[in-house]
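Asks: Residue numbers (UniProt numbering): 1 to 489.
Don't be surprised by glycine CBs; every beta carbon is placed ideally from N, CA and C.
Keep in mind it's a predicted model, so treat the numbers as computed, not measured.
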């Protein structure tokens, strides 16, 4: 109806505006405008009244809906509740656990019903009053029998809240006090994790203190409904939790501070240990490489310089490790709150580093001795080869020389008479000794060089035999000539 009135009024205003626009006489235009203003004022007053009526109608409808739904649900529940009164105690306790909800529903029903009684006509109001009287009578009779269960549900809720809070606090205090004494192997990673755990505990302590206050208030409410024996148990439990919480609050900052003092030296110690093993690995790479004698001289020199540098790095790192580890161990031993810190792993690690260093010193010493021995063998081989090549070169020069046969024969005889087999023997012995230290892939080229020189020696020895024969024949020829001269014809 209101919408129809609004549409009609809008259409009427539009027609008045059109009529005013087409008015020719001033008096007629003024009459139209006056009528339009009066009508607008009347409409404004009427619209306020109409909107007020609509708002009231909407509220009445909402209360009817609320009243109808609560009456229907409450009647059904009252029937079930009246039957439940004959059931065992545990069944009644479970059924009436939600009594606070139905108290709210009963209140909502009365509020909606009273509103409708005030706004509806007398006939409807009388029926509503009668219905409410009947329902409230049934409700009152039932409520007097079961009102204790409304508190029981609240009591169970508080008891559960108390037990949950006690469990949370007990778990926290037990875990934290356990962490304060759990053995910790002294290393950077372990101590860092321990410190992080303490920082987490320190942040949780204020939260747990607030939780303790809440649970204390809840416990005070619960103790009003339980026997004295249970009250004593609750008081003992809360006292124990308070003592543990105070112990946690007292010990955590001290333990955290001293543990934090270890982080920096342990981190530095960890870096030094890593640096030591990196340098040790480089040393092992150098001394486990191919025989230095078969390496290029420049590469061998560079490797030897690197070896000395890495050895020195290991030595310096070991010195720092020993000094810093002693500082850490002294700090732990002197601390009253870090007695659960176990230094055995750190001590074992330092011992392993010391053993590794001594082993490295021995290996590098053996490596140097081996290099020196190999150098001597190589030098001996080179000297014997040079001596042999020198002899062969002289022999080749003698054999290639041209001139008076008798003079050449004399020179050849003189040279080969001085030729010493020990030159070849020394070369072959040096070659055998060098072969023993060379890798297999390097032995082939050495053996080829030896065979070549040995062949040249044999060729030279063949010339030596030939010279000896020529010398013998020459001597025989001279002797024959002398004999012919001395014998008369």
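Kindly list the residues whose CB is nearer than 8 Å to the CB of residue 327, restricted to its own chain and excluding five residues on each side of it in sequence; keep chain order.
Replies: Excluding sequence neighbours, residue 327 sits near 265.
Asks: To the nearest angstrom, how far is it from the Cα of residue 90 to the Cα of residue 156?
Replies: Answer to the nearest angstrom: the Cα atoms are 14 Å apart.
Asks: Work out the CA separation of residue 75 and residue 144 for me, nearest whole Å.
Replies: Whole-angstrom Cα-Cα distance: 17 Å.
Asks: On the CB-based measure, 16 or more other CB atoms within 10 Å of its CB, does residue 450 come out buried or exposed?
Replies: So residue 450 ends up on the buried side.
Asks: So what does residue 184 bridge to, in DSSP terms?
Replies: According to DSSP, residue 184 bridges with 341.
Asks: Which residue from 236, 183, 323, 382 puts its Cα closest to that of residue 341?
Replies: The shortest Cα separation from residue 341 among 236, 183, 323, 382 belongs to 183.
Asks: Give me the Cβ distance between residue 180 and residue 251, rounded to the nearest whole Å; I'm assuming they're in contact under 8 Å.
Replies: 6 Å between Cβ atoms; contact.
Asks: In terms of residues, what are the limits of the alpha helix (DSSP H) holding residue 107?
Replies: Per DSSP, residue 107 belongs to the alpha helix (DSSP H) from 99 to 119.
Asks: Comparing alpha-carbon positions, which option in 187, 429, 365 lies nearest residue 382?
Replies: Nearest C-alpha to residue 382: 429.
Asks: So residue 231 is in the alpha helix (DSSP H); what residue range does that whole segment cover?
Replies: First-last of the alpha helix (DSSP H) with residue 231: 228 to 287.
Asks: Tell me whether the segment 264 to 279 and the segment 223 to 235 touch, counting them as touching only if at least three CB pairs, one residue from each stretch, are closer than 8 Å.
Replies: Flag = no, the segment 264 to 279 and the segment 223 to 235 do not touch.
Asks: Count the CB pairs spanning the segment 351 to 371 and the segment 192 to 205 that are closer than 8 Å, and state whether there are at least three.
Replies: Contact between the segment 351 to 371 and the segment 192 to 205 is absent, because fewer than three Cβ pairs lie under 8 Å.
Asks: Identify, in the order they occur along the chain, each residue of the same chain with its Cβ nearer than 7 Å to the Cβ of residue 363, setting aside the five sequence neighbours on each side.
Replies: So the list reads 287, once near-sequence residues are dropped.
Asks: Do you know offhand how far residue 104's Cα is from residue 69's?
Replies: Taking the straight line joining both Cα atoms gives about 13 Å.
Asks: With DSSP as the reference, label residue 206 as helix, strand or coil.
Replies: Residue 206: helix per DSSP, three-state reduction.
Asks: Out of curiosity, what's the CA-to-CA distance linking residue 189 and residue 263?
Replies: One C-alpha to the other measures close to 9 Å.
Asks: Specify the secondary structure class of residue 326 as computed by DSSP and reduced to three states.
Replies: Of the three classes helix, strand and coil, the one that applies to residue 326 here is helix, per DSSP.
Asks: Just to confirm, is the Cβ distance from residue 60 to residue 119 under 9 Å?
Replies: Yes, the Cβ-Cβ distance between residue 60 and residue 119 is below 9 Å.
Asks: Quick one: Cα of residue 117 to Cα of residue 106, how far?
Replies: Each residue's alpha carbon lies about 16 Å from the other.
Asks: Let me know if residue 347 comes out buried or exposed under the rule of 16 or more other beta-carbons within 10 Å of its beta-carbon.
Replies: Classification for residue 347: exposed.
Asks: Please name the residue, chosen from 205, 161, 54, that lies closest to residue 177 on a Cα-to-Cα basis.
Replies: Checked all of 205, 161, 54; the closest Cα to residue 177 is 205.
Asks: Report the CB separation of residue 108 from residue 66 in whole angstroms; it is logged as a contact under 8 Å.
Replies: Going by Cβ atoms, the distance from residue 108 to residue 66 rounds to 6 Å, so yes, they are a contact pair.
Asks: In angstroms with no decimal places, state the Cα-to-Cα distance between residue 368 and residue 302.
Replies: Those two C-alpha atoms are separated by around 15 Å.
Asks: So does the segment 211 to 219 actually touch the segment 158 to 167, counting three or more Cβ pairs closer than 8 Å?
Replies: At 8 Å Cβ cutoff, the stretches touch.
Asks: Please state the DSSP three-state secondary structure of residue 57.
Replies: DSSP places residue 57 in helix when its eight states are reduced to three.
Asks: In whole angstroms, what separates the C-alpha of residue 127 from that of residue 78?
Replies: Spanning the two alpha carbons is a distance of roughly 20 Å.
Asks: Using beta-carbon positions only, say whether residue 169 and residue 201 come within less than 9 Å of one another.
Replies: No.
Asks: Spatial neighbours of residue 279 within its chain, please: C-beta separation below 6 Å, excluding the five flanking residues on both sides.
Replies: Result list for residue 279: 310, 313, 314, in chain order.
Asks: Reducing DSSP to helix, strand and coil, say where residue 307 ends up.
Replies: Residue 307 falls in the helix class under three-state DSSP.
Asks: Could you tell me whether the Cβ atoms of residue 317 and residue 276 are closer together than 9 Å?
Replies: Yes; because the gap between Cβ atoms is below 9 Å, this pair is in contact.
Asks: If I measure Cβ to Cβ from residue 142 and keep anything under 7 Å in the same chain, skipping five residues before and after, which residues do I get?
Replies: Result list for residue 142: 78, 81, 82, in chain order.
Asks: Note down the Cα distance separating residue 366 from residue 306, rounded to an integer number of angstroms.
Replies: Roughly 17 Å separates the two Cα atoms.
Asks: Report the rounded CA-to-CA distance for residue 344 versus residue 336, giving the unit in angstroms.
Replies: Cα to Cα, the separation comes out at about 18 Å.
Asks: Could you compute how far the alpha carbon of residue 285 sits from the alpha carbon of residue 324?
Replies: Computed Cα separation, rounded: 28 Å.
Asks: For the alpha helix (DSSP H) that contains residue 89, what are its first and last residues?
Replies: Start and end: 89 to 95.
Asks: CA-CA distance, residue 166 and residue 174?
Replies: When rounded, the distance between both Cα atoms is 12 Å.
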